[in-house]
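The working numbering puts the first residue of the sequence shown at 360, with every later residue one more than the last. Even for Gly, the Cβ is constructed at its ideal location relative to N, Cα and C. Please read all numbers here as calculations on a predicted model, not as lab measurements.
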Amino acid sequence: MESSSLTLSSSASGVSKSQLSKSENILASRLSRPSRGSLNLLRHLEALSDDKSKSNNSALRSRSLKTLLPSGSDGTFASFFADAKKKVQEKAAGPQLCRGIDPASENDNFIDLGPISTSNPTHTGALTVLPSINGARRRIEALVRSKGGVEALDRLERERTQKRLSEVVSRSASKRPRPSPLSQVLDTAPPPSGNVDPEETHRDEEKAASEKRRHANHELAQLVSQGSSHSDLAAADEVLAEKRLLSRLEARDSIEEHLLGQHEQECQVVTCLTCNYRSLRAGRLCRKEGHRLEITTATRRFFACRNCKTRTSTLDRYPQYACTSCGESLYEKTGAISERRGPKLPGEKLLIRGLEEKYLG
360 MESSSLTLSS SASGVSKSQL SKSENILASR LSRPSRGSLN LLRHLEALSD
410 DKSKSNNSAL RSRSLKTLLP SGSDGTFASF FADAKKKVQE KAAGPQLCRG
460 IDPASENDNF IDLGPISTSN PTHTGALTVL PSINGARRRI EALVRSKGGV
510 EALDRLERER TQKRLSEVVS RSASKRPRPS PLSQVLDTAP PPSGNVDPEE
560 THRDEEKAAS EKRRHANHEL AQLVSQGSSH SDLAAADEVL AEKRLLSRLE
610 ARDSIEEHLL GQHEQECQVV TCLTCNYRSL RAGRLCRKEG HRLEITTATR
660 RFFACRNCKT RTSTLDRYPQ YACTSCGESL YEKTGAISER RGPKLPGEKL
710 LIRGLEEKYL G
């Protein structure tokens with residue numbers, strides 16, 4: 360680009376101002392500046408000159424602006440821009456492959472993308488592949504011809520496949536157990552493989568499998584009936600576990616008997632001096648408003664209603680309120696816990712109308 364700018368400036372200075380018009384002088388002064396547009400125009404002009412004459416490449420690079428620009432005898436800038444407009448119109452006419460290349464000239468860079476004719480001797484040479492590939496292909500074709508062609512090779516391959524299959528079948532048949540001489544004498548030998556019915560073979564296999572399963576089940580039953588050599592240890596462990604269970608049940612029964620015989624017990628009682636009541640725990644309103652509470656020790660007594668057996672407890676000697684279930688005021692002393700009752704026996708159930716069937720038919 361530096362050489363192009365130097366050439367442009369030197370050629371612009373060498374052009375006489377008397378030979379150019381005012382507009383041409385302005386254009387020449389602007390082209391003398393090394394700007395992108397001037398350098399691009401100069402490069403374009405040099406490329407056009409290179410296409411016209413390849414032999415004068417070195418001379419075209421050193422030519423000045425006076426030789427590149429159209430002179431007074433050849434033409435003016437107006438004719439140059441007119442030619443440029445014609446080229447623009449030609450480009451706008453439609454797309455064209457390899458624009459600017461002369462098909463008549465024998466150029467090495469010209470590529471013919473048309474269909475290749477095999478009758479043309481010049482094209483048949485271009486279709487030839489590498490000599491090594493051609494040689495390998497000729498050797499393969501000669502080998503196939505020597506063996507009788509493609510059909511002969513296919514037939515030979517089928518024969519080899521059949522031979523391999525027959526060998527596999529014969530090998531599998533040879534692996535079958537051969538009958539012993541004793542079985543042949545006793546006539547218990549299995550029939551030859553050629554006369555064996557597939558259904559009979561399947562039935563024999565199922566029979567053998569069922570016999571094997573039956574034998575395994577029989578052996579397992581014998582092992583179970585024999586028992587274990589450590590059965591005494593297992594029995595001792597069972598006795599020990601039973602004793603532990605009975606001891607826990609006895610402790611629970613003793614605690615239940617003690618609580619059933621206990622009719623009263625000492626406990627802590629909360630007394631609100633503001634509300635003037637006594638209870639096992641303080642009320643929510645007393646705790647919220649911060650009433651004065653007093654904690655003392657008192658005796659809690661357990662009672663049960665004589666009518667409905669509903670349990671209750673009181674801090675007095677006798678309940679001062681009626682039963683919540685039936686409304687009676689007769690109570691009797693009871694234990695700290697209720698008596699645990701199991702399921703009733705058939706003789707304990709009272710059936711006034713006798714045995715009744717819920718569902719008939």
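Inter-stretch contact at 8 angstroms, needing at least 3 Cβ pairs: the stretch 709 to 716 / the stretch 674 to 683: Cβ pair count under 8 angstroms is below three, so no.
Cβ distance (whole Å) where T673 is taken to contact R660 below 8 angstroms: Position 314 of the sequence shown, counted from the first residue, corresponds to residue 673. Position 301 of the sequence shown, counted from the first residue, corresponds to residue 660. Taking C-beta atoms under 8 angstroms as the contact rule, T673 and R660 qualify, at a distance of about 6 angstroms.
Coil, strand or helix - L709 by DSSP: Reading the sequence shown from its first residue, position 350 is the one you call residue 709. Of the three classes helix, strand and coil, the one that applies to L709 here is coil, per DSSP.
Continuous beta strand (DSSP E) stretch holding I654: start and end: For the purposes of this step, residue 654 is taken as residue 295 along the sequence shown, with counting starting at 1. Judged by DSSP secondary structure, I654 falls within the beta strand (DSSP E) whose first and last residues are 652 to 664.
Residue interval of the alpha helix (DSSP H) (run including K381): To locate residue 381, count along the sequence shown from 1; it is residue 22. Its alpha helix (DSSP H) spans residues 381 to 390.
Unbroken alpha helix (DSSP H) run spanning E601, endpoints: Here residue 601 refers to the residue found at position 242 of the sequence shown. In the DSSP assignment, E601 falls within the unbroken alpha helix (DSSP H) covering 590 to 620.
Whole-angstrom distance between S394 and G431, CA atom to CA atom: The sequence position of residue 431 within the sequence shown is 72, counting from 1. The sequence position of residue 394 within the sequence shown is 35, counting from 1. Note that G431 scores a pLDDT of 46, beneath 50, so its modelled location is shaky and nothing firm can be said.
Coarse secondary structure for E691, derived from DSSP in three states: As a working note, residue 691 is residue 332 in the sequence shown. Residue state, collapsed to three classes: strand.
Span separating the alpha-carbon of R517 from that of R496: In the sequence shown, the residue the question calls residue 517 occupies position 158. In the sequence shown, the residue the question calls residue 496 occupies position 137. Approximately 25 angstroms, taken between the alpha carbons.
Chain-order list of residues whose beta-carbon lies under 8 angstroms from that of E623 (same chain, five-residue window excluded): Within the sequence shown, numbered from 1, the residue matching residue 623 stands at position 264. Annotation for E623: T658, R659, R660, F661 place their beta carbon closer than 8 angstroms to its own, counting only its chain and skipping 5 residues before and after.
Simplified DSSP assignment, three categories, for P702: For this step, residue 702 is matched to residue 343 along the sequence shown. Assignment of P702 by DSSP, reduced to helix, strand and coil, places it in the coil class.
Closest residue to S684 among D675, T693, A663, S613 (Cα-Cα distance): Your numbering for residue 684 matches position 325 in the sequence shown. Among D675, T693, A663, S613, the Cα nearest to that of S684 is on A663.
Inter-residue Cα distance where the pair is E565 and E558: Residue 565 sits at position 206 when you count from the first residue of the sequence shown. Residue 558 sits at position 199 when you count from the first residue of the sequence shown. Their backbone Cα atoms lie some 11 angstroms apart in a straight line.
Where the beta strand (DSSP E) containing R670 begins and where it ends: Residue numbering aside, residue 670 sits at position 311 when the sequence shown is read from its first letter. Here the beta strand (DSSP E) through R670 covers 670 to 673.
Buried versus exposed, by CB contacts within 10 Å (16 or more), R700: Here residue 700 corresponds to residue number 341 of the sequence shown, with the count starting at 1. Of the other Cβ atoms in all chains shown, fewer than 16 fall within 10 Å of the Cβ of R700; this residue is therefore exposed.
Unbroken alpha helix (DSSP H) run spanning C645, endpoints: For this step, residue 645 is matched to residue 286 along the sequence shown. DSSP places C645 in the uninterrupted alpha helix (DSSP H) bounded by 643 to 648.
Selected residue, minimal CA-CA separation from A641, among A593, C631, A568: Along the sequence shown, read from residue 1 onward, the residue named residue 641 stands at position 282. Of the candidates A593, C631, A568, the one whose C-alpha sits nearest the C-alpha of A641 is C631.
Environment of T520 [buried if 16+ CB atoms lie within 10 Å]: What you label residue 520 is simply residue 161 of the sequence shown in a count that begins at 1. The residue in question, T520, is exposed, as its Cβ has fewer than 16 Cβ neighbours within 10 Å.
Cβ contact check for the stretch 601 to 620 and the stretch 575 to 593: 3 or more pairs under 8 angstroms: At 8 angstroms Cβ cutoff, the stretches do not touch.
Whether H650 touches T633 by CB criterion (8 angstroms): Here residue 650 refers to the residue found at position 291 of the sequence shown. Here residue 633 refers to the residue found at position 274 of the sequence shown. Against a cut-off of 8 angstroms, the Cβ pair of T633 and H650 comes out as a contact.
Nearest-angstrom Cα separation, counted from T560 out to A575: What you label residue 575 is simply residue 216 of the sequence shown in a count that begins at 1. What you label residue 560 is simply residue 201 of the sequence shown in a count that begins at 1. One C-alpha to the other measures close to 23 angstroms.
Within 8 angstroms, strictly: CB atoms of L652 and C645: Position 293 of the sequence shown, counted from the start, is the residue given in the question as residue 652. Position 286 of the sequence shown, counted from the start, is the residue given in the question as residue 645. Closer than 8 angstroms, so yes.
Test item: CB-CB of G620 and G694 under 8 angstroms: Residue 620 sits at position 261 when you count from the first residue of the sequence shown. Residue 694 sits at position 335 when you count from the first residue of the sequence shown. Yes; because the gap between Cβ atoms is below 8 angstroms, this pair is in contact.
Beta-carbon gap between A387 and L398 smaller than 8 angstroms: On the sequence shown, position 28 is the one that residue 387 refers to. On the sequence shown, position 39 is the one that residue 398 refers to. Taking 8 angstroms as the Cβ cut-off, A387 and L398 do not qualify as a contacting pair.
Whole-angstrom C-beta distance between E615 and I696, which should lie under 8 angstroms: Locating residue 696 in the sequence shown gives position 337, where the first residue counts as 1. Locating residue 615 in the sequence shown gives position 256, where the first residue counts as 1. Yes, I696 and E615 are in contact; Cβ-Cβ is about 7 angstroms, under 8 angstroms.
Beta-carbon proximity check, L512 vs V503, cutoff 8 angstroms: For the purposes of this step, residue 512 is identified with residue 153 of the sequence shown, where counting begins at 1. For the purposes of this step, residue 503 is identified with residue 144 of the sequence shown, where counting begins at 1. Going by C-beta atoms, L512 is nearer than 8 angstroms to V503.
Per-residue DSSP class, three states only, for T560: The residue you call residue 560 lines up with position 201 of the sequence shown. Under the three-state reduction of DSSP output, T560 falls in the helix class.
First and last residue of the uninterrupted beta strand (DSSP E) at Y680: Here residue 680 refers to the residue found at position 321 of the sequence shown. No beta strand (DSSP E) holds Y680; DSSP gives it neither H nor E.
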